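All remarks here apply to the structure that follows.
Protein chains: 2
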Amino acid sequence: MRRDVFQAIADPTRREILGMIAHKSLNINAVTEQFDVSRAAIYKHMKILSECGLLEIRQKGRERYCEGKFERLNEVSDWVAQYRQFWEARLDSLEDYLEQLKKEKYGKSSE
Amino acid sequence: MRRDVFQAIADPTRREILGMIAHKSLNINAVTEQFDVSRAAIYKHMKILSECGLLEIRQKGRERYCEGKFERLNEVSDWVAQYRQFWEARLDSLEDYLEQLKKEKYGKSSE
DNA sequence: TAAATTTGAAACCAAAAGGTTGCATAAATA
DNA sequence: TATTTATGCAACCTTTTGGTTTCAAATTTA
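Okay, here's the thing in structure tokens:
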């Protein structure tokens, strides 16, 4: 079966899951609570994500805490980047965005 | 049927098609020649891409030339960007990359 | 220890995805 | 005009996807 990052993030439920665990590790039941589908369905989604390296699992007793591993998204990022020049005329605005990112990362001064 | 950019770029054949038409418009037969599958299969892929706004078609006599429209990739770009801070520690290298992009765009001086 | 909780995974199902062949139509050409 | 070329699309098929129910195993907890 095909198992790559592009396919992994194609599913909206899986993108939501990644959003949920970005800031906080959650076990499978905790993730399941946020959706209308069964635990087994969520389990399968998370298995796909973990097989793609987009999440990692830490066993803790009978629970398994899942945390996002977003490094692999650089494959997507790189792929998109090669086309950026075709649509993003204003590279300066990207620079602005980058500045903003750095501010966020290295301490927000005024908020 | 679900029809969004994430799903559109999930298929490797469609990503290849986008790569082919990025620099040069091609008609459907010309695209088909590059693959092992039938014209009908390629036609379906291109239909999906056009329904997602990732390519546009210019009729020219009996031929239809397809050109890439990459603006819609910013949806993917934005989605990935929100996680960049989780994996990209070296924002400076992104700045370098940006510089390189600008050089490419505004004229390469020495090559 | 007995019961409850958390999970993994098998078996199964319906729908979607990706492919095919075949045919119709419109445009270009011999 | 008859033929070739380029395409749209229907009908059909197989595999994959995303979901379900069910059961077993391991860990807590009463």
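So the protein lines, in turn, are chains A and B. Taking the numbering used here, the leading residue of the first sequence gets 524, the next gets one more, and so forth. Taking the numbering used here, the leading residue of the second sequence gets 524, the next gets one more, and so forth. All C-beta atoms, glycine included, are put in the ideal place defined by N, C-alpha and C. Because the structure is a prediction, the values reported are computed rather than measured.
So, residue i versus residue j, is the Cβ gap smaller than 9 Å?
i                     : j                     : result
residue 592 (chain A) : residue 578 (chain A) : yes
residue 548 (chain A) : residue 575 (chain A) : no
residue 610 (chain B) : residue 596 (chain A) : yes
residue 603 (chain B) : residue 573 (chain A) : no
residue 543 (chain A) : residue 528 (chain A) : no
residue 580 (chain A) : residue 526 (chain A) : no
residue 552 (chain A) : residue 586 (chain A) : yes
residue 564 (chain B) : residue 606 (chain A) : no
Would you say residue i lies against chain B (beta-carbon separation less than 9 Å)?
i                     : result
residue 529 (chain A) : yes
residue 574 (chain A) : no
residue 603 (chain A) : yes
residue 553 (chain A) : no
When burial is assigned at 16 or more other CB atoms within 10 Å of the CB, is residue i buried or exposed?
i                     : result
residue 516 (chain B) : Absent from the structure is residue 516 (chain B), since the part of chain B shown begins at 524 and ends at 634.
residue 530 (chain B) : buried
residue 632 (chain B) : Low confidence applies here, because residue 632 (chain B) scores a pLDDT of 41, under 50, leaving its location unreliable; read the following figure in that light. Flag for residue 632 (chain B) reads exposed.
residue 562 (chain A) : exposed
residue 533 (chain B) : buried
residue 537 (chain A) : buried
Under 9 Å between C-beta atoms, does residue i make it to chain A?
i                     : result
residue 606 (chain B) : yes
residue 538 (chain B) : yes
residue 506 (chain B) : Residue 506 (chain B) lies beyond the residue range present for chain B, which begins at 524 and ends at 634; the question has no answer from this structure.
residue 578 (chain B) : no
residue 549 (chain B) : no
For residue i, does the three-state DSSP call read helix, strand or coil?
i                     : result
residue 547 (chain A) : coil
residue 578 (chain B) : strand
residue 595 (chain B) : helix
residue 587 (chain A) : strand
residue 530 (chain B) : helix
residue 600 (chain A) : helix
residue 605 (chain A) : helix
residue 573 (chain B) : helix
residue 611 (chain B) : coil
Quick one: which chain A residues come within Cβ less than 7 Å of residue i?
i                     : result
residue 533 (chain B) : 529, 530 and 533
residue 599 (chain B) : 599 and 603
residue 594 (chain B) : 610
Could you tell me which chain B residues have their CB closer than 7 Å to the CB of residue i, listed as they occur along the chain?
i                     : result
residue 558 (chain A) : Going along chain B, no residue has its Cβ under 7 Å from residue 558 (chain A), so there is no contact; the nearest lies around 17 Å.
Using a C-beta to C-beta distance shorter than 8 Å, which residues of chain A count as neighbours of residue i?
i                     : result
residue 591 (chain B) : 606 and 609
Is residue i near the ligand NAD, judged by its Cβ being under 8 Å from some heavy atom?
i                     : result
residue 596 (chain B) : Of ligands this structure carries none, so the ligand NAD is not represented either.
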